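Quick note on numbering: the UniProt record's numbering labels position 16 of the sequence shown as 16, and the sequence is numbered without any gaps.
Please read the structure below before turning to the comments.
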Amino acid sequence: MSRAKSQDITLYFDSSKCVHARRCVLGAPDVFRPGTPGGWMFPEHARAAEIARVVDSCPSGALSYVRHDGGMGEQVPMVNTVRPWENGPNELRGDIRIGDEDPATRVLLCRCGQSKNKPYCDNSHIDAGFTATGEPLGDPDGETPVGGVMKVKPLPDGPLVITGSVEVIAGSGRRLAAGDRHVLCRCGHSKNKPFCDGSHAEVGFEAP
1 MSRAKSQDIT LYFDSSKCVH ARRCVLGAPD VFRPGTPGGW MFPEHARAAE
51 IARVVDSCPS GALSYVRHDG GMGEQVPMVN TVRPWENGPN ELRGDIRIGD
101 EDPATRVLLC RCGQSKNKPY CDNSHIDAGF TATGEPLGDP DGETPVGGVM
151 KVKPLPDGPL VITGSVEVIA GSGRRLAAGD RHVLCRCGHS KNKPFCDGSH
201 AEVGFEAP
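So, in structure tokens, the structure goes:
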């Protein structure tokens, strides 16, 4: 984990989770400058509030921060969501717990089955030519569940089990499903993506 500090904010970067979505570079190019000798984060070049807004948009959680100016830190979303990306990973936002790891608010989890950093996405879906819609059919009706912890449990050689009050949404934000338990494909072969249909057993999927 690398870090860069100014008087008003400290930035942290976990390279193992970065998928180069470039929300940081596009949102604050004076602060985030990849390829710069000696470091790539320069928090002294912008106000802490503006940097925090950009970091909050990082989908993988690779970037995080602590403010020293008395301003508000990152807030946990009121609604826990799972959003499948077109031909890519599942984006989770909420009060997230994955095993014994520290709580998170933003993660990208592999659903192509090829990541070398499971359960996290490492962009292997690109080289693998993974295809899966981000706009599957779903159930648009019902109330939106609010609050609580979203627990993520990767089953050995199987799917991801998500428990807690969670809404699964399409890339557009359209509701697909809501409830307190969802079983999501992570082998890449389900015919009912983003949900598991047991295909992992047929294809011999292996993952811790």
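Where a beta carbon is used, it is the ideal one built from N, C-alpha and C, also for glycine.
Every value quoted in this text rests on a predicted model; they were computed, and no experiment measured them.
Quiz item: Considering H125, what are the terminal residues of the alpha helix (DSSP H) in which it resides?
Solution: S124 to A128
Quiz item: At what residues does the beta strand (DSSP E) containing G164 begin and finish?
Solution: L160 to I169
Practice problem: Determine which residues share a DSSP beta bridge with M41 and list them. | Solution: F32
Self-check item: Member of R83, E143 and D56 whose CA lies at the smallest distance from the CA of M72
Solution: D56
Exercise. Less than 8 Å between the CB atoms is what I'm expecting for R186 and C110, so what's the real figure, rounded?
Key: 6 Å
Self-check item: For V76, the first and last residue of its enclosing alpha helix (DSSP H)
Solution: Note, V76: premise wrong, no alpha helix (DSSP H); not H, not E.
Quiz item: In the structure shown, what three-state DSSP assignment does H182 receive?
Solution: strand
Self-check item: For M172, three-class secondary structure by DSSP
Solution: The sequence given here places Ser at residue 172; Met does not occur at that position. Of the three classes helix, strand and coil, the one that applies to S172 here is coil, per DSSP.
Quiz item: Straight-line CA distance for E167 to E135?
Solution: 14 Å
Quiz item: In three-state DSSP terms, what is R47?
Solution: coil
Exercise. Determine, using beta carbons only, whether V107 and G61 come nearer to each other than 8 Å.
Key: yes
Quiz prompt | Nearest candidate by alpha-carbon position, reference L184, set H125, N90 and S2 | solution = N90
Practice problem: Starting from R97, follow its DSSP beta bridges and name the residues at the other end. | Solution: K151
Quiz item: Looking at the structure shown, is I137 part of a helix, part of a strand, or coil, going by DSSP?
Solution: Checking the sequence shown, residue 137 turns out to be Leu, not Ile. Coil at L137, not helix or strand.
Exercise. Specify, as a first and last residue, the run of the beta strand (DSSP E) that A201 falls within.
Key: Where A201 is concerned, there is no enclosing beta strand (DSSP E), although the alpha helix (DSSP H) it sits in stretches over S199 to V203.
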